[in-house]
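Q: Structure in structure tokens, see below.
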Amino acid sequence: MLLEKSSWPTVETYFAKCDLVVLGFGSTENHGRHNPLGTDWMAPTRILELVDERRPEILVGPTLHLGSADHFADYPGTLSLGDRLLYEVVRRITGQLYHYGARHFVLVNGHGGNTRAIQDVGYELNDIGCQVALLNWWKLAGELNSEWGGGHGGAQETSADLWIDPDSVDLDALGPQDLVDDGGRAIGTVGFDQVSFEGATPMLLRRARRYATNGWIGPDDPADASSEWGEKMLTATADWTCDFIDAFEKSPLPKPIDRVWPLRQ
Ligand SMILES: [Zn+2]
0 MLLEKSSWPT VETYFAKCDL VVLGFGSTEN HGRHNPLGTD WMAPTRILEL VDERRPEILV
60 GPTLHLGSAD HFADYPGTLS LGDRLLYEVV RRITGQLYHY GARHFVLVNG HGGNTRAIQD
120 VGYELNDIGC QVALLNWWKL AGELNSEWGG GHGGAQETSA DLWIDPDSVD LDALGPQDLV
180 DDGGRAIGTV GFDQVSFEGA TPMLLRRARR YATNGWIGPD DPADASSEWG EKMLTATADW
240 TCDFIDAFEK SPLPKPIDRV WPLRQ
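In numbering that gives the first Met the number 0, the protein residues as written are 0 to 264.
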């Protein structure tokens, strides 16, 4: 049952019987020269649609199209709320659903940069007696099948886009990731925020456009992407999510914790 296509009495009736809600969290940001900026909300949206098809009795809320992606500032089109504003937005959305009766929250996330803000809200909801599950779909997919794992805008996400909306991927724009060793040759760039030095990979903090020339960051080369990969991966992730929901909705609600002072206001 999609919240946006339901009337308020339908939602009121739902929460009188059930306290579980599924929400999606995405981002609008660089995903390499070949992928659409909406990659990170397209996948959660599709997973939520598949969950709705399989469990029409469950309330499925909207997917937030904007997230926290300040590290991708400077790639034109990236629109980031930043961490603090995202925290406020997630807190308001889940707080209103709490007011209507939600206590079990399933949060399907499509972007790594969102996790800190979502976690902060999740801990607060748990403090007041809720159960909150954060499902980072790209990680789950890689755990369900190690061949489905991936980085940022690589084969994993490009495959998801190719299945969801093939016209949104510009296959002619595919190219190497061309990472720049902007910290000098002795500490070469090897991945997301990471450089390599004497066998370890510390973080060098700077906006990604300083070192990720194309915008996708591996290890999975988007040239290996396919629509079939995307379909199998997202349907398997949605099937897993439905099984998880069946177990999670029975999980006991925690006793609220009355804190002397809030950790965060
Ligand atoms: Zn992404």
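Glycine included, each C-beta is placed from N, C-alpha and C at the ideal position. Keep in mind that this is a model prediction, so the values were computed, not measured.
Could you tell me whether any non-hydrogen atom of ligand 1 is closer than 7 Å to the CB of aspartate 39?
A: yes
Q: Measuring only the C-alpha atoms, how far is glutamate 87 from glutamine 118?
A: 12 Å
Q: Would the segment 76-90 count as touching the segment 0-15 if we require 3 or more Cβ pairs under 8 Å?
A: No, they do not touch.
Q: Whose C-alpha, out of Gly76, Asp51, Glu142, Gly183, is nearest the C-alpha of threonine 27?
A: When each option's Cα is compared against that of threonine 27, the closest is Gly76.
Q: Using the Cα positions of phenylalanine 141 and glycine 149, report the straight-line distance between them to the nearest angstrom.
A: First, the amino acid is wrong: residue 141 is glycine here, not phenylalanine. Glycine 141 and glycine 149 have their C-alpha atoms spaced approximately 7 Å apart.
Q: Where does asparagine 108 land, buried or exposed, given buried means 16+ other C-beta within 10 angstroms?
A: buried
Q: Compare the C-alpha of histidine 98 against each of Arg258, Asp18, Tyr210, Arg184 and name the closest.
A: Asp18
Q: By the three-class DSSP mapping on this structure, what secondary structure does histidine 110 have?
A: coil
Q: Expressed to the nearest angstrom, what Euclidean distance is found between the alpha-carbon atoms of threonine 44 and proline 61?
A: 8 Å
Q: Can you tell me whether glutamate 11 is buried or exposed, with buried defined as 16 or more other CB within 10 angstroms of its CB?
A: exposed
Q: Counting only runs of 4+ residues fully inside the segment 27-83, write out the alpha helix (DSSP H) ranges in chain order.
A: You should have 38-53.
Q: Can you tell me whether DSSP reads phenylalanine 104 as helix, strand or coil?
A: strand
Q: Would you call the segment 112-131 and the segment 227-244 in contact, with 3 or more CB pairs under 8 Å?
A: no
Q: Select from Leu36, Gln130, Gly23, Gly217 the residue whose C-alpha is nearest the C-alpha of glutamate 248.
A: Gln130
Q: Comparing alpha-carbon positions, which option in Trp7, Val21, Ser67, Tyr74 lies nearest asparagine 34?
A: Tyr74
Q: Does the Cβ-Cβ distance between aspartate 67 and asparagine 113 come in under 8 Å?
A: The sequence shown places serine at residue 67, rather than the aspartate named in the question. In this structure, asparagine 113 lies closer than 8 Å to serine 67 by Cβ.
Q: From the DSSP output, in three-state form, read off asparagine 135 for me.
A: strand
Q: Pick from Gly23, Leu47, Arg53, Leu58: whose alpha carbon is nearest that of alanine 15?
A: Looking at the Cα atoms, Leu58 is the closest of the given residues.
Q: Which same chain residues, not among the five before or five after glutamine 264, have their C-beta less than 7 Å away from its C-beta?
A: The predicted model places glutamine 264 with a pLDDT of 49, which falls under 50 and marks its position as unreliable; any figure quoted below should be read in that light. Result list for glutamine 264: empty, nothing under 7 Å.
Q: Rounded to the nearest angstrom, how far is the Cβ of glycine 217 from that of glutamine 176, given a contact under 8 Å?
A: Between glutamine 176 and glycine 217 the Cβ distance is about 6 Å, and since that is below 8 Å, they are a contact.
Q: Give, in chain order, every unbroken run of the beta strand (DSSP E) that is at least 3 residues long and sits entirely within the segment 170-211.
A: The segment 170-211 contains these whole beta strand (DSSP E) runs: 188-190.
Q: Could you check if leucine 161 is buried or exposed, using at least 16 other CB atoms within 10 Å of its CB as the buried criterion?
A: buried
Q: Do valine 20 and isoleucine 244 have their CB atoms nearer than 8 Å?
A: no
Q: Could you spell out the range, first to last residue, of the alpha helix (DSSP H) harbouring leucine 161?
A: 154-163
Q: Check whether the Cβ atoms of proline 251 and isoleucine 127 lie closer than 8 Å to each other.
A: no
Q: State the DSSP-derived secondary structure class of isoleucine 256, mapped to helix, strand or coil.
A: coil
Q: Which same chain residues, not among the five before or five after alanine 172, have their C-beta less than 7 Å away from its C-beta?
A: Arg32, His33
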